[in-house]
Each structure stands twice: as C-alpha cells, then as structure tokens.
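Residue numbers (our numbering): 1 to 747.
Structure below.
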C-alpha cells in the first residue's frame, strides 16, 4: 500500500502540483526551477508528460465526439453512423485521437523545453488537444480554428507576468503583449511556411511515396523544422535586444518570452500543413497562398482566445469563488479570516486581473482579529498583487480614518500621525494622488496638535491650533475617495478635529496660569527638538526660508563661535521650517561615522529613511552590511554608485510629496581629518557633495561649524560654490531681553 502511494505521488501528484503552479503561480514556478540545463529541462518534461496527457485527453475526446454529433460529415474516414459501444469504427475513431494526442504531447513537449519548461508545457497541452480533436477531419477551417483556440487559451494563461505588471503596470504589459503577438505572428508565418515547406519537400525527395498515398511524415517534419526555426529566430532576436535595451527588464522579458511562444505556436501550426504540401511536391506558391489563408483563420481565433485567457477570464470563476467562500466562512466565524484569506486565490493565483469579490470586506474582518497581520497582508497585496491594490488601499484608508475618528482629545490627535504612518504608509498613499494629499494634510494637522502640546508660550499654542484648523479647512471630504463611506468618515474626522481645536483656542483665551520652566541660562548640550528653552533666532530662520525660495537653491553654512547655538538651531529645523521640509541631522563628531564610505553612507541612509518614515514616506532601507561587503570587494566608488541609485528613489518620493530634504552636517571641520586618517577618499566625497548641489533639486546641504569654507584650504573652495553663509552669534537684543526678563510670556 505504501509503495503504491509513493508511486502515485511521484508519477501523478507531484507533477500535477507543478503543472498547477505553472498556470497559477508562474513566477514562483520559474523561481523554483531557476535556470536549469537542457538535460534538466528534459528530465522535468519527462516526469510531466503523463499528467500533461491525462489533462489534455479527456477534453480532447469530449470535443471530438461533440463535433461528430453536430457535424458527422467532417469525419467520413470512419463511416460512423452512431456511437455504438465497441463498434470497430468507434474504436478507430477513439484510437486515432489517442495516438495523435499522445504523439503530439511527447514531441512538442521536448521541442518546447529546448527553450523553456513553460513553453514545453503550454505547447504540449495545446497541440495534444488540437491534433487529438482534428485528426482525420476533412475541414481545414475547423483545423485552423481549433489550433487558434488551443494555443490562444494555453499561451494566454501561461505567458502573462506578475513581474511585468509590477514593473511597468497594466498599460506597458499590454503594449509588450501586442508587440510580441505581431512579431510572433510574422516570424511564425515565415518559419512555418518557408522552412516547413522546404523541409517536407526535401524529405519527400529522400523518401518518396506514391502521389495518392497518405502519409503524416511530411507534417511531422514540417512541424519540427518550422517550430525549431521559429524559436531559434526569436531567441537570437531576443539576445540582440536585451544586449542594447537595459530598461524595464521584466516587461522586456515578457515580450521576448511571449514572442517566442507565439512564433513557436504558429510555426508548428503552419509547419504541419506546409510540410505536408512540400512532401507531396505541391508548388511553393500554393504553399504560401494556403499558408496566408490558414494563418488568417488561426490568427483570428488565436487573438480572440489569447486576449480572453491573458486576462485570466477562463480561470476567473475559480478565483472569484475562492474569495467568496473565504468571506462567507469568515463571516460565519467558521475560520479565522486571515487563514481563509491566505488559502484563497489571492495567494495561489499570482495573475488575477479582475477584482476579487469581497476582498476588501475580508481584509476588514481580518483587521478586527489581527491588525498587525492584516497590515502585512495589505503590504503583500501592494507589492505582489498589483491588480488587487484597490482593495488594499481602500482597506488601509478605512483603517486609518477609523483610528483618526476615535481620537477625541488634542493630546491623542498630537500622536495620531505616528499610527497613521503605520496604517496608511506612503506605499499605500502613492496609489492615489488625492488620498495622498488628504493624509498628508491630516498628518500635518496632527503635528500641529503635537506642537500645541509642547509649546509653553500661550501665543505659540494658539498659533499651533490656528495652523491645525487651517490645514483641516483645505480638506474637501465630498470627493476625496471613490467610496461614499470613506468620504463620510473623512468629513466626520475633519469636523471633530476642527471643533476640538476651536475649543482649545477658546480655553487658552480664558486662562493665563503660570507654567513651570527650567532655568534657561545654564549652558549645556544642544537643545533637542521642541525643547521650550529654545528662543529667538528668527533672523536665521528668515534667511533660511528666503534662500530656499531662490531659483537656484544654495548650500548653507552656519558658522560662529562655539556655544552660540548652531547645533540647537539645526535640531529645531523641523519646527522652524514647517512640514514642507525634512531636515536630517548628522553630528560628524559621532564615533565611527567617518570610518569608511560604507559607514558614512549607511548612517546617512538610515537617518533619511527614519525621518521620512516618521512623515509617512516609506523608502526601502539601504543595508549597511551590504555596503560594507561592496566596499570590501570592490572599493569605495561602487558604494557611491549604489547610494546614488538609492537616493534617486528618495528624490522621486520627495517630488511626489512636494518636500525638500535637508542634510545637515554639524561640526563639518571633522571632514578635514579624513586626509590624515585615510578612512575615506576626500576627493570622492567632495565630488559627491558637488553632485548633490548641482543635480539634486529636492536636496539641500547644510554645514555647521566654527570655521568658514575658505578657512579649510583651497581644495574645499572649488567644490562648495554658491554657499549661503549665515553667521550665528549672540541673541538679538530683544531676544536676550525677553529671555532674561520674561523667559516665557504670561509668567
């Protein structure tokens, strides 16, 4: 019993699961195979042939018998009057379908696997089905239609690409598909007709037969010669294209693979007929004319069914049923929602184009059971299932608005931006420009509420609440989302928050109690963000703001004696400049920061990623260990290249969010020590600074120190041009007077 189970599993169950993965999880299927050698591909196909035949033969017999019942004159070869069990004519009718289907399956599976396992599988199923149905029929038109339908369905299902959808979107994937179809049809016609005809012709010379004698040898020779020629032609063309085109690799790979498959399909279909014509020494012109008519019929049938199958319409009922049943089971609490979700077509079908029913409702049910796991599921959909992003984003929007609607105190609103960045991260916001703007405004309103909580000055607290109200009044809740209930939830949040802010302002207007403050006159380390002891410096802020609005944004240098407050100013920039700027602070005295290029850029990237994440802008982290390994293996220069590519992604996000990133380097004189230690190549670092200044419009550099650029030597001056120097000295007289006499107003 155990032996039979093991044999059944090896011969049928495992190959069947591979076949299922080929159609429903093509990316995972290809990743599991890797890049196998030809012998390995042949071995895989050999194990799949029994299952391929068992999958193709039942529908083959069903369609063949259905055609006979409707149009018996198409099969005069058998002299069948009816399907009498065990009648010799019926047995021959079935046997012909058996050998034609099996022979086609074996031959084409191996020919296709010369180029890829996917091509071998799809072509074997298509040709096994088509030849089994049409063997010994008298209608060439029926033959062409069956071939077109079979290859259209199988290639459409097999050769779409989740990678191409993620990289280029549905539009570019569709364009790539149409280009592949046009080129594939052309190459398939030329290879099938020309090569198939002359291969059959030469074979007929070598092995002549009587003119009236039937023989399938010419068809088999034409099939093999045409199919191989079509594939090799596309493979050569694809090699040339990939050598010169380096963009959109996934979309390009889809186009090449699909061109290969279509040219193979048509060179097979036309090679069968052309090879037979050549074998019987019909004229070449007759072969071409016959091929044109034949290709036209095959192409029409192919294009119709390919488009239907490419968008997964034949499989959609199964995918839709799985999510409907998962939702119903979850609603009745028979299964945890996440379990049902992960066993639905959302996970086992990589390429569902049409919206899966009840997916949004299923995600909301799952969020009630485990919010963190549901957020992971939303992230999975955003990254891996691009055609189902509508459900992921609307679920995230609703979860975010639910959380905001439950915050009934200004203190709670002040920390709402932190949870909002988790519930509706930037990857979700980017899917809708309107929604991105709405959540950015809500985020800014939350930060204004946080500023209200940290301010001591009554006037500053009122100003923070006024800013909060101004932000909220720019939100138009009636048309921000495509779902009515989301607009209603947004409207409720805006009205509630405005009411709380107005109540807070009214309360401030009727109270004037004293507040405790620490001694502001004790010097020490730089004041952290929002520290109430930071006063004045409006002149510095005004100069920074004016410089940021210049057509050509300068590089900034804060210089002055030590203990003048330069570091404190830099740390207060997020509050002083407002939400349109993302300052990132670096203390170059920090141990190890300048130890190597990998250490420097690893720290720079980590702080950028952290600050942007806190503002709801999600960028992929840059692995410090990976940078270390690159520098160890290849030197410093590749570290700069990899960091610049990562920085380009950051700048794209800054452009969409309309933010400016400020890289603020305190104690910049420490860079001069690099020359003596040799930890970094100073020329490479200065070239990078200059590249940022000249080529990164969404980035600004700010240096702070006791010296000016000119004091650092000639090598510095050539790299740092258009520097806006801002001297930080004593407080202005009025600021100093206020700090001494009245550190906090109303006290």
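Cβ coordinates follow ideal geometry from the N, Cα and C atoms, glycine included.
If you're wondering where the values come from, they're calculated on a predicted model, not measured in any experiment.
| task | Compare the C-beta of residue 682 against all C-beta atoms of chain B and say whether one is closer than 8 Å. | result | Among the chains of the structure shown, chain B does not appear; only one protein chain is present.
| field | Status (buried if at least 16 other CB within 10 Å, exposed otherwise) for residue 304 | value | exposed
| field | Beta-carbon proximity of residue 462 to residue 508, cut-off 8 Å | value | yes
| residue 582: first and last residue of the uninterrupted beta strand (DSSP E) it sits in | 581 to 587
| query | Under three-state DSSP, which class holds residue 79? | reply | The answer is coil: DSSP assigns residue 79 none of H, G, I, E or B.
| Bridge partners - residue 701, DSSP secondary structure assignment | 663
| message | For a test of the three-state rule: what should DSSP assign to residue 115, helix, strand or coil? | response | DSSP places residue 115 in coil when its eight states are reduced to three.
| Starting from residue 642 and walking both ways along the alpha helix (DSSP H), at which residues does that stretch end? | 637 to 657
| request: With residue 628 as the anchor, note down where its alpha helix (DSSP H) starts and where it stops. | output: 624 to 634
| said: Applying the 10 Å Cβ sphere with the 16-neighbour rule, what's the burial state of residue 758? | reply: Given that the chain is displayed from residue 1 to residue 747, the structure contains no residue 758 and the question cannot be resolved.
| query | So, helix, strand or coil for residue 600, using DSSP? | reply | helix
| Anyone know if the C-beta pair for residue 698 and residue 651 falls short of 8 Å? | yes
| query | Would residue 152 pass as a contact of residue 32 if the rule is Cβ separation under 8 Å? | reply | no
| query | Near residue 11, what residues of its chain come up, given a Cβ to Cβ distance below 7 Å and the 5 sequence neighbours on each side ignored? | reply | 50
| field | Best match in 601, 340, 649 and 653 for proximity to residue 628 [C-alpha to C-alpha] | value | Among 601, 340, 649 and 653, the Cα nearest to that of residue 628 is on 601.
| query | Cα-Cα, which of 582, 495 and 702 is closest to residue 401? | reply | 495
| Coarse secondary structure for residue 408, derived from DSSP in three states | coil
| Should residue 109 and residue 131 be called a contact, given that it needs their Cβ atoms to be closer than 8 Å? | no
| field | Pair within 8 Å by beta-carbon distance, residue 356 and residue 331 | value | no
| request: Please state whether DSSP places residue 105 in a helix, a strand or coil. | output: helix
| Segment contact flag, the stretch 443 to 459 with the stretch 628 to 638, C-beta cutoff 8 Å, min 3 pairs | No, the stretch 443 to 459 does not touch the stretch 628 to 638.
| said: Rounding to the nearest angstrom, what Cα-Cα distance links residue 192 and residue 139 in this structure? | reply: 20 Å
| message | Can you tell me where the alpha helix (DSSP H) holding residue 374 begins and where it ends? | response | Counting along the chain, the alpha helix (DSSP H) containing residue 374 begins and ends at 371 to 384.
| request: Keeping to the same chain, check which residues put their C-beta closer than 7 Å to that of residue 524; ignore five residues upstream and five downstream. | output: Residue placement at residue 524 is poorly supported in this model, since its pLDDT is 48, which falls under 50; the coordinates are not used for a value here.
| said: Between which residues of its own chain and residue 705 is the CB-CB distance below 7 Å, once the five residues before and five after are set aside? | reply: 559, 667, 668 and 669
| message | I need the boundaries of the alpha helix (DSSP H) containing residue 31, first residue and last residue. | response | 26 to 33
| said: Looking at the ligand MG, does it come within less than 7 Å of residue 134, judged from the CB to the closest heavy atom? | reply: Although the ligand MG was asked about, the structure shown includes no ligands whatsoever.
| said: Classify residue 610: buried if its beta carbon has 16 or more other beta carbons within 10 angstroms, exposed otherwise. | reply: exposed
| In or out: residue 201 buried (at least 16 other Cβ within 10 Å) or exposed? | buried
| Range covered by the alpha helix (DSSP H) that runs through residue 683 | 682 to 695
| By a C-beta neighbour count over all protein chains shown, 10 Å radius and 16 as the cutoff for buried, is residue 91 buried or exposed? | With fewer than 16 other beta carbons inside 10 angstroms of its own, residue 91 counts as exposed.
| message | Could you check whether the stretch 340 to 357 touches the stretch 371 to 390, counting it as contact only if at least three pairs of C-beta atoms, one from each stretch, sit closer than 8 Å? | response | By the Cβ test, the stretch 340 to 357 is in contact with the stretch 371 to 390, since at least three Cβ pairs between them sit closer than 8 Å.
| said: Quick check: the Cα distance between residue 354 and residue 312, rounded to an integer number of angstroms? | reply: 8 Å
| query | Going by Cα to Cα distance, which pick from 692, 657 and 370 is closest to residue 641? | reply | 692
| message | So, at 6 Å on beta carbons, what are the nonlocal neighbours of residue 217 in its own chain, with the 5 sequence-adjacent residues on each side left out? | response | The answer is none, since no qualifying residue turns up.
| query | Excluding sequence positions up to five away, which residues of its chain have a Cβ less than 8 Å from the Cβ of residue 42? | reply | Only 110 and 113 meet the Cβ criterion.
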